[in-house]
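Contents: one structure, followed by commentary.
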Amino acid sequence: MKKFFCSLFGHHYTVSKKVTLHIKEYKCIHCQKQVTTDVSGNLSTLTPELQDINKTLENIFQKRHRAAEHAA
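Residues 3 to 74, numbered by my numbering, are exactly what the sequence shown covers, in order.
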C-alpha cells in the first residue's frame, strides 16, 4: 500500500545521513527507499557500491575537519 502511495504521489524523502556538506543520504518515509546525491547533485538509488563510496568520503571528510580543528 505504501509503494502505491509513492507511485501515485511521489516519494517523501528525509535526510537519513549527512556524508559531507554536499552529499547526503535520504530515505522515503513511506516506502523506505534509499537514495543519495551523486556528483551532479541528482538523486541516485543507494546501492552497496555507493554506500561504500559514501562511507569512504565521510571518513576522509571527518579526518580533514579534525585536522583543521587541531591546527587552528
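From the three backbone atoms N, C-alpha and C, an ideal C-beta is built for every residue, glycine too.
Keep in mind the model is a prediction, meaning the values are calculated, not measured.
Notebook entry, point to check: Under the three-state reduction of DSSP, which class applies to Leu-52: helix, strand or coil?
Noted result: Position 50 of the sequence shown, counted from the start, is the residue given in the question as residue 52. Leu-52: helix per DSSP, three-state reduction.
Next item on the list: Evaluate the contact criterion for the stretch 60 to 68 versus the stretch 41 to 48: three or more CB pairs, one atom per stretch, below 8 Å.
Entry: no
Margin query: Classify Val-37: buried if its beta carbon has 16 or more other beta carbons within 10 angstroms, exposed otherwise.
Written below: Taking the sequence shown and counting its residues from 1, the one referred to as residue 37 is at position 35. It counts as buried.
Notebook entry, point to check: Can you check whether the CB of Lys-20 is closer than 8 Å to the CB of Lys-26?
Noted result: Against the sequence shown, residue 26 aligns to sequence position 24. Against the sequence shown, residue 20 aligns to sequence position 18. Yes, the Cβ-Cβ distance between Lys-26 and Lys-20 is below 8 Å.
Notebook entry, point to check: Where does the unbroken beta strand (DSSP E) through Leu-45 begin, and where does it stop?
Noted result: Here residue 45 is taken as the residue at index 43 of the sequence shown, counted from 1. Per DSSP, Leu-45 belongs to the beta strand (DSSP E) from 45 to 47.
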